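Its first residue numbered 23, the sequence shown is counted upward by one per residue in this note's numbering.
All residues carry an ideal CB built from backbone N, CA and C; glycine is no exception.
The model shown is predicted, which means the values in this text are computed figures rather than measured ones.
Please read the structure below before turning to the comments.
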Amino acid sequence: MSIMRMRKFFRKPMRLRVGRRHLSFGTPVQVVFWGIVIIFVVGAYYSFGPAGRARGAAGGSQQARRVPAVVATVGRTEIPREQFEKALMRTDYEETPVSSRPMRKLAVLEELIDNILELEAAKREGIKVSAKELEQKREELLEQAIQTRFPTKRDLKQYLDRKRMTYEQLKAKIREEQLGDLEALRKSLLIDKLREMVESRVQVTDADLKASFEEVKARHILIRPSEEKKRVEADYKKRNQQLPANLDADALARQRAEQLLAQLRKGADFAKLASQFSDDKGSAKQGGDLGWFKRGTMVPEFEQVAFALKPGQLSEIVKTNYGYHIIQVTD
23 MSIMRMRKFF RKPMRLRVGR RHLSFGTPVQ VVFWGIVIIF VVGAYYSFGP AGRARGAAGG
83 SQQARRVPAV VATVGRTEIP REQFEKALMR TDYEETPVSS RPMRKLAVLE ELIDNILELE
143 AAKREGIKVS AKELEQKREE LLEQAIQTRF PTKRDLKQYL DRKRMTYEQL KAKIREEQLG
203 DLEALRKSLL IDKLREMVES RVQVTDADLK ASFEEVKARH ILIRPSEEKK RVEADYKKRN
263 QQLPANLDAD ALARQRAEQL LAQLRKGADF AKLASQFSDD KGSAKQGGDL GWFKRGTMVP
323 EFEQVAFALK PGQLSEIVKT NYGYHIIQVT D
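See the structure below:
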C-alpha cells in the first residue's frame with residue numbers, strides 16, 4: 023500500500039480515456055474480475071515462456087513442448103503467441119528492467135485484448151472501411167514515412183541518386199515493406215472510426231469540468247532521509263571505507279532527489295527511476311503511479327504542487343514529512 027492515503031476506489035466508476043476526455047465504464051468489481059482473468063492468462067505465459075529464454079538447449083527443447091500456441095482467447099478470437107511476441111518486441115522490452123517486464127507484458131496483452139474488443143464493437147455498430155478510405159490512409163502513412171526518413175528534399179534526392187532509384191520506386195518499396203499488411207491497416211481504421219464515434223457522443227457538463235479541476239492523476243518518486251542514509255552507509259561498507267563522522271540524512275536525501283530530477287529533465291524514464299529508487303514501495307511497483315486523487319487526499323505540501331502542475335510537467339523537489347518528492351501529473 024502506498025504511504026499516501028488511498029482513494030475510495032470501490033465507490034468510484036472506472037474511466038476510459040478517449041482523446042482528452044474520460045468516459046465512465048463499469049464498476050471496479052467488473053474490472054477486478056477481468057483483471058483476474060488476464061493475470062491468469064499472463065501467468066501461464068510467464069510460467070511457460072519462450073523456449074529461447076529457457077535454460078540450456080535441452081531444457082529449452084523440453085519447455086518448448088509445453089508452451090501454448092495461444093496466449094489468450096477473447097470470446098471466439100484467439101491471440102497467438104507469435105502475435106503477442108511481435109507486439110512485445112515493438113516496445114522497448116529488451117531495455118526494460120527485469121523487475122518491470124511482467125507489467126510490460128501485461129500492458130501489451132491488455133492492448134491486444136482492447137483491440138479485439140474494439141473491433142467487435144465496431145462490427146456491432148456497423149462501422150466499415152471502404153477501399154477508397156483504405157488507400158487514402160495508406161498514401162497518408164506513406165507520405166509520413168518518407169517525410170520522417172528524409173526530413174529535407176536534399177536528403178531525399180541524395181538517397182535516390184545513391185540508390186539509382188526514382189521517387190515512384192521508393193514509394194513502391196515502402197508500400198511493400200512497411201504498408202503491405204492491408205488487413206492490419208483496415209483494423210486500425212475501424213478502431214479509429216469507433217473512437218471518433220464514441221468521442222462525438224461525449225457530452226461534457228459543467229459538473230464534469232468542475233470535477234476535472236478537483237481531481238488529478240499523478241506519479242511520484244519519494245526519497246526518505248532514513249532510507250537514503252542506510253543506502254549510503256551500506257555503500258561505504260561495501261567499499262571498505264570509513265564512514266564520515268556526521269552523515270546528514272536530510273541532506274543526503276535531498277541530494278539524491280536532485281540527482282534524479284536532473285536525470286528526468288534530460289529525458290530519463292520516470293517509471294524506471296521510480297521503480298528503482300522510490301522509497302514509496304507501493305507506488306514504485308507501478309512506476310510511481312498514484313492514480314487519480316481528489317483535493318484533501320494527500321498531505322498539503324504534496325497536493326498544492328500536484329494541482330498546480332500541467333500534464334507532463336515535472337515539479338521541483340517537494341519536501342513533506344515523508345521525505346523529498348518529485349511529482350509529475352500524467353492527466
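Residue j beta carbon less than 8 Å from that of residue i
| i | j | result |
| --- | --- | --- |
| residue 301 | residue 216 | no |
| residue 341 | residue 325 | no |
| residue 192 | residue 204 | no |
| residue 241 | residue 352 | yes |
| residue 119 | residue 294 | yes |
| residue 109 | residue 134 | yes |
| residue 212 | residue 130 | no |
| residue 278 | residue 250 | yes |
Start and end residues, beta strand (DSSP E) containing residue i
| i | result |
| --- | --- |
| residue 241 | 237-245 |
| residue 101 | 99-102 |
| residue 341 | 340-342 |
Span separating the alpha-carbon of residue i from that of residue j
| i | j | result |
| --- | --- | --- |
| residue 345 | residue 292 | 18 Å |
| residue 200 | residue 271 | 54 Å |
| residue 336 | residue 128 | 27 Å |
| residue 313 | residue 246 | 21 Å |
| residue 198 | residue 296 | 41 Å |
| residue 169 | residue 177 | 10 Å |
| residue 90 | residue 111 | 19 Å |
| residue 187 | residue 126 | 41 Å |
| residue 159 | residue 261 | 60 Å |
| residue 140 | residue 115 | 25 Å |
| residue 305 | residue 321 | 16 Å |
| residue 239 | residue 132 | 20 Å |
| residue 172 | residue 161 | 16 Å |
| residue 142 | residue 206 | 15 Å |
| residue 264 | residue 258 | 7 Å |
| residue 163 | residue 269 | 58 Å |
DSSP three-state assignment for residue i, whether helix, strand or coil
| i | result |
| --- | --- |
| residue 350 | strand |
| residue 322 | helix |
| residue 94 | strand |
| residue 76 | Reliability of the predicted coordinates at residue 76 is poor, the pLDDT of 37 falling under 50, and the value obtained from them is presented with this limitation in mind. Coil, per DSSP. |
| residue 311 | strand |
| residue 227 | coil |
| residue 170 | helix |
| residue 336 | strand |
| residue 252 | helix |
| residue 316 | strand |
Beta-carbon contacts of residue i that lie in its chain and below 6 Å, excluding the five residues immediately before and after
| i | result |
| --- | --- |
| residue 317 | 236 |
| residue 96 | 135, 138 |
| residue 105 | none |
Host alpha helix (DSSP H) of residue i (start-end)
| i | result |
| --- | --- |
| residue 124 | 123-146 |
| residue 185 | 175-185 |
| residue 303 | 303-306 |
| residue 294 | 292-299 |
| residue 285 | 271-287 |
| residue 190 | 189-200 |
Below-8 Å beta-carbon distance, residue i vs any chain C residue
| i | result |
| --- | --- |
| residue 299 | The structure shown contains no chain C; it holds only a single protein chain. |
Proximal residues to residue i (C-beta, below 8 Å), its chain only, five neighbours per side dropped
| i | result |
| --- | --- |
| residue 348 | 242, 243, 279, 282, 283, 286, 336, 337, 339, 340 |
| residue 208 | 151, 156 |
| residue 137 | 209, 213 |
Sequence-distant residues of the same chain with beta carbon closer than 7 Å to residue i, five excluded per side
| i | result |
| --- | --- |
| residue 189 | 182 |
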